[in-house]
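Peer 1:
Number of protein chains: 2
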Amino acid sequence: MDQTRPALQVDVRRPQRADARRNFDALLAAARDAFAAKGVEASLEEIARQAGVGIGTLYRNFPTRQDLLNAVYFGEIEELCIAAEEVAGLPPWEALTTWLRRFVGYAATKRAIWESLNRESESFKAAREAMYAAGTPLFEQAQKSGDARADVNFDDVLRMVSGLTAGSFVDEAQRDRVLAIALDGIRVR
Amino acid sequence: MDQTRPALQVDVRRPQRADARRNFDALLAAARDAFAAKGVEASLEEIARQAGVGIGTLYRNFPTRQDLLNAVYFGEIEELCIAAEEVAGLPPWEALTTWLRRFVGYAATKRAIWESLNRESESFKAAREAMYAAGTPLFEQAQKSGDARADVNFDDVLRMVSGLTAGSFVDEAQRDRVLAIALDGIRVR
DNA sequence: ACTATAACGGAGGCATACCTCCGGTTCCAA
DNA sequence: TTGGAACCGGAGGTATGCCTCCGTTATAGT
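These protein sequences, in sequence, are chains P and E. Residue numbers for the first sequence, in my numbering: 2 to 190. Residue numbers for the second sequence, in my numbering: 2 to 190.
(1) Within the same chain, show all residues whose beta-carbon is closer than 7 Å to that of E:A167, passing over the 5 residues directly before and after it, in chain order.
(2) Tell me whether E:R188 sits in a helix, a strand or coil according to DSSP, three-state version.
(3) At a Cβ threshold of 7 Å, is P:L118 touching chain E?
(4) With a cut-off of 8 Å on the beta carbons, I'd call E:G164 and P:G106 a contact; round off their distance for me.
(5) Tell me whether E:A151 sits in a helix, a strand or coil according to DSSP, three-state version.
(6) Pick helix, strand or coil for P:Q175, following the three-state DSSP scheme.
(7) What separation, rounded to the nearest whole angstrom, lies between the Cα atoms of E:D3 and E:E86?
(8) Residues of chain P with a CB under 7 Å from the CB of E:F170: which are they?
(9) Check whether the Cβ atoms of P:P93 and P:D152 lie closer than 7 Å to each other.
(10) So P:L139 contacts chain E; which residues on that side make the cut at Cβ distance below 7 Å?
(11) Please go through the same chain and pick out, in chain order, the residues whose beta-carbon is closer than 6 Å to the beta-carbon of P:P16, but skip the five residues on each side of it.
(12) With H, G and I counted as helix, E and B as strand and the rest as coil, what does DSSP make of P:G136?
(13) Distance cutoff 7 Å, beta carbons only. Does E:G186 sit that close to anything in chain P?
(14) Answer with buried or exposed for P:V179, where buried requires no fewer than 16 other C-beta atoms within 10 angstroms of its C-beta.
(15) Taking all protein chains shown into account, do 16 or more other C-beta atoms lie within 10 angstroms of the C-beta of E:S122, making it buried, or fewer, making it exposed?
(16) Is the segment 123 to 138 of chain E close to the segment 70 to 85 of chain E, with three or more CB pairs under 8 Å?
(17) Please state if the CB of P:A72 and the CB of P:A52 are separated by a distance shorter than 7 Å.
(18) Count the other CB atoms, across all protein chains shown, that sit within 10 Å of the CB of E:S44; report buried if there are 16 or more and exposed otherwise.
(19) Can you tell me whether P:A134 is buried or exposed? The criterion is at least 16 other CB atoms within 10 Å of its CB, across all chains shown.
(20) Along chain P, in chain order, which residues have C-beta atoms closer than 7 Å to that of E:S163?
(21) Check whether the Cβ of E:D148 lies closer than 7 Å to any Cβ atom in chain P.
(22) CA-CA distance, E:G40 and E:L70?
(23) Quick check: E:T98 and E:L159, are their CB atoms within less than 7 Å of each other?
(24) Measure the alpha-carbon distance for E:R61 versus E:G55 and round it to whole angstroms.
(25) Going by other Cβ atoms of all chains shown within 10 Å of its Cβ, with 16 needed for buried, is E:V162 buried or exposed?
(26) I need the boundaries of the alpha helix (DSSP H) containing E:A89, first residue and last residue.
(27) Consider the Cβ of E:D68: report whether some Cβ of chain P lies at a distance smaller than 7 Å.
(28) Is there a C-beta anywhere in chain P that falls below 7 Å from the one on E:D177?
(29) Quick one: what does DSSP say E:V105 is sitting in, helix, strand or coil?
(30) Could you pull out every residue in the same chain whose Cβ sits closer than 6 Å to the Cβ of E:Q67, ignoring the five residues on either side in sequence?
(31) So, does the CB of P:R190 fall closer than 7 Å to a CB anywhere in chain E?
(32) Give the single residue among E:D172, E:F75, E:R18 whose Cα lies nearest to the Cα of P:D156.
(33) Check the Cβ of E:I114 against every Cβ in chain P and list those closer than 8 Å, keeping chain order.
(34) How many angstroms separate the CA atom of E:A143 from the CA atom of P:V189?
(35) What residue from P:E42, P:L118, P:L81 has the CA that sits closest to P:R102's CA?
(36) Using the C-alpha atoms, what's the distance from P:K126 back to E:A31?
Written out as structure tokens, the structure is:
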């Protein structure tokens, strides 16, 4: 829809040679799973094993844990930004809640996302800002239309939702139910 | 108020000798801090160091990590149960929210509490049940009085709140604000 | 005071994670 | 086909955590 959205610049370059690209992608996929399952402290050697490459290959592509985390994380954030564009046509409240539900639904890195919400690193800050830039208009639309409370800000909403994202629930249904309750809390009565 | 509330049985016995009791208590205090700061994966050796005792002493008192976790955790839960009795005299909605705020406020083991909410272990189950037994009446009162929504159950509420407990916020004020929003979601409109 | 014994605490063996380094291998372009 | 650059991957040094074992020490009862 909007071609001018600046792509999140990943500082890690995708390699040139075919075998190297395969390994790069395998590492990224393995890391995504591992971070989702065990949080940001997941073992890098385990990730390399899972990807079917040596630990050396992991370190060549991603010299630090942060680099790997960023690569995974940026991908997720970018998806969220795209999702924000996709819901832009819906009625304000629906657009907001749809996007927030999608936010919760991104299971892959939800722990990383949550844990990173008040990290200080440069790239995390950039990613967070991109996400905020994507979501804030949705929220402000919902405020303007009189659906969302005026005495709440977007940061509150996002932290509330990401708290719930990270929480533990019996099943998907309960998580949805709880999310609905919480979203009700930001609705004008 | 109600003397019949069954005390949570801690299977770990407090030692007899004076020096041993001192160490036992120091370990418990150190463990409480460590679990609060680093979650359930905190290093046991670090805890022993912090308590000023050898690692052997830690293992003698708490043969497994689970034993130590239980000891800390049970203490916190018991405090919550007592708190539930204390608020029983307030108006229903106020009683519920006061207790839930207290629940959030117990910073010490909030991470452990949250992480344990769907653990399977026997003692964790017992503790959780004690906590539920303490809180459920408050919630049901609030439903009966027409303050709390009927289409929500206590488990939903507790998981919502504990999700927020575990979340990361800029400051206390924001956490309170977000909690207030979420609690608004369970209120009858 | 004295002794039986409960309790201490750290050395040490094992496991695992981090990260570097470099000999061997694979791919691609000419 | 082949040369060499790009790439691979794991050995290995370091650090840290887990847990056990046992020689030493402090305590409580007589």
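Just so you know, even glycine gets a beta-carbon here, dropped at the ideal spot from N, CA and C.
Peer 2: This is what the structure holds:
(1) Working through the second sequence from its first residue, we reach residue 167 of chain E at position 166. The answer, listed in chain order, is K111, R112, W115.
(2) Indexing the second sequence from 1 puts residue 188 of chain E at position 187. Note: E:R188 maps to strand in three-state DSSP.
(3) Translated into positions along the first sequence, residue 118 of chain P becomes position 117. True, the Cβ-Cβ gap to chain E drops below 7 Å.
(4) Numbered from 1 along the second sequence, position 163 holds the residue referred to as residue 164 of chain E. Numbered from 1 along the first sequence, position 105 holds the residue referred to as residue 106 of chain P. Not quite, the Cβ-Cβ distance comes to about 15 Å (not below 8 Å), so this is no contact.
(5) As a position in the second sequence, residue 151 of chain E is number 150, starting the count at 1. In this structure, DSSP gives E:A151 a state outside helix and strand, which the three-state scheme calls coil.
(6) Here the question's residue 175 of chain P lines up with position 174 in the first sequence. Residue state, collapsed to three classes: helix.
(7) Mapped onto the second sequence, residue 3 of chain E falls at position 2. Mapped onto the second sequence, residue 86 of chain E falls at position 85. With a pLDDT of only 41 at E:D3, under the threshold of 50, the placement of this residue in the model should not be trusted, and no figure is reported.
(8) Reading the second sequence from its first residue, position 169 is the one you call residue 170 of chain E. Residues of chain P whose Cβ lies closer than 7 Å to the Cβ of E:F170 are, in chain order, R160.
(9) Stepping through the first sequence from its first residue, residue 93 of chain P is reached at position 92. Stepping through the first sequence from its first residue, residue 152 of chain P is reached at position 151. No.
(10) In the first sequence, residue 139 of chain P corresponds to position 138, counting from 1. The premise fails here: P:L139 is roughly 17 Å from chain E at the closest Cβ pair, so nothing lies under 7 Å.
(11) Here residue 16 of chain P corresponds to residue number 15 of the first sequence, with the count starting at 1. Answer for P:P16: R22, F25, listed in chain order.
(12) On the first sequence, residue 136 of chain P is found 135 positions in, with the first residue counted as 1. Three-state DSSP puts P:G136 in a helix.
(13) Counting from 1 along the second sequence, the entry for residue 186 of chain E is found at position 185. Interface residue, yes.
(14) Position 178 of the first sequence, counted from the start, is the residue given in the question as residue 179 of chain P. Under this definition P:V179 is a buried residue.
(15) One-based indexing of the second sequence puts residue 122 of chain E at position 121. Its Cβ having fewer than 16 others within 10 Å, E:S122 is exposed.
(16) Short answer: they touch.
(17) Residue mapping note: residue 52 of chain P aligns to position 51 of the first sequence, counting from 1. Residue mapping note: residue 72 of chain P aligns to position 71 of the first sequence, counting from 1. Contact flag unset, no.
(18) Within the second sequence, residue 44 of chain E is the residue found at index 43, counting from 1. Answer is exposed; the Cβ neighbour count stays below 16.
(19) Locating residue 134 of chain P in the first sequence gives position 133, where the first residue counts as 1. Under this definition P:A134 is an exposed residue.
(20) Position 162 of the second sequence holds residue 163 of chain E. Result: G168.
(21) As a first step, residue 148 of chain E must be located in the second sequence, where it is residue number 147. So no, E:D148 is outside the interface.
(22) For the purposes of this step, residue 40 of chain E is identified with residue 39 of the second sequence, where counting begins at 1. For the purposes of this step, residue 70 of chain E is identified with residue 69 of the second sequence, where counting begins at 1. Between E:G40 and E:L70, the C-alpha separation is close to 10 Å.
(23) The residue labelled residue 98 of chain E in the question sits at position 97 within the second sequence. The residue labelled residue 159 of chain E in the question sits at position 158 within the second sequence. No; because the gap between Cβ atoms is not below 7 Å, this pair is not in contact.
(24) Your numbering for residue 61 of chain E matches position 60 in the second sequence. Your numbering for residue 55 of chain E matches position 54 in the second sequence. Near 10 Å, if we compare the C-alpha coordinates of E:G55 and E:R61.
(25) Along the second sequence, read from residue 1 onward, the residue named residue 162 of chain E stands at position 161. The residue in question, E:V162, is buried, as its Cβ has 16 or more Cβ neighbours within 10 Å.
(26) For this step, residue 89 of chain E is matched to residue 88 along the second sequence. Note, E:A89: premise wrong, no alpha helix (DSSP H); not H, not E.
(27) Taking the second sequence and counting its residues from 1, the one referred to as residue 68 of chain E is at position 67. It does not: the Cβ of E:D68 has no partner Cβ on chain P nearer than 7 Å.
(28) As a first step, residue 177 of chain E must be located in the second sequence, where it is residue number 176. Nearest CB-CB separation between E:D177 and chain P: not below the 7 Å threshold.
(29) The count along the second sequence starts at 1 and reaches residue 105 of chain E at position 104. In this structure, E:V105 counts as helix in the three-state DSSP scheme.
(30) For this step, residue 67 of chain E is matched to residue 66 along the second sequence. Counting only Cβ-Cβ distances below 6 Å, and skipping sequence neighbours, we find nothing.
(31) As a first step, residue 190 of chain P must be located in the first sequence, where it is residue number 189. Closer than 7 Å to some Cβ of chain E, the Cβ of P:R190 qualifies, so yes.
(32) Locating residue 156 of chain P in the first sequence gives position 155, counting from the first residue. It is E:D172.
(33) By 1-based counting over the second sequence, the position of residue 114 of chain E is 113. Going along chain P, no residue has its Cβ under 8 Å from E:I114, so there is no contact; the nearest lies around 11 Å.
(34) On the second sequence, residue 143 of chain E is found 142 positions in, with the first residue counted as 1. On the first sequence, residue 189 of chain P is found 188 positions in, with the first residue counted as 1. Roughly 22 Å between the two C-alpha positions.
(35) Reading the first sequence from its first residue, position 101 is the one you call residue 102 of chain P. Answer by Cα proximity: P:L81.
(36) Residue mapping note: residue 31 of chain E aligns to position 30 of the second sequence, counting from 1. Residue mapping note: residue 126 of chain P aligns to position 125 of the first sequence, counting from 1. If you take the alpha carbons of E:A31 and P:K126, they lie about 34 Å apart.
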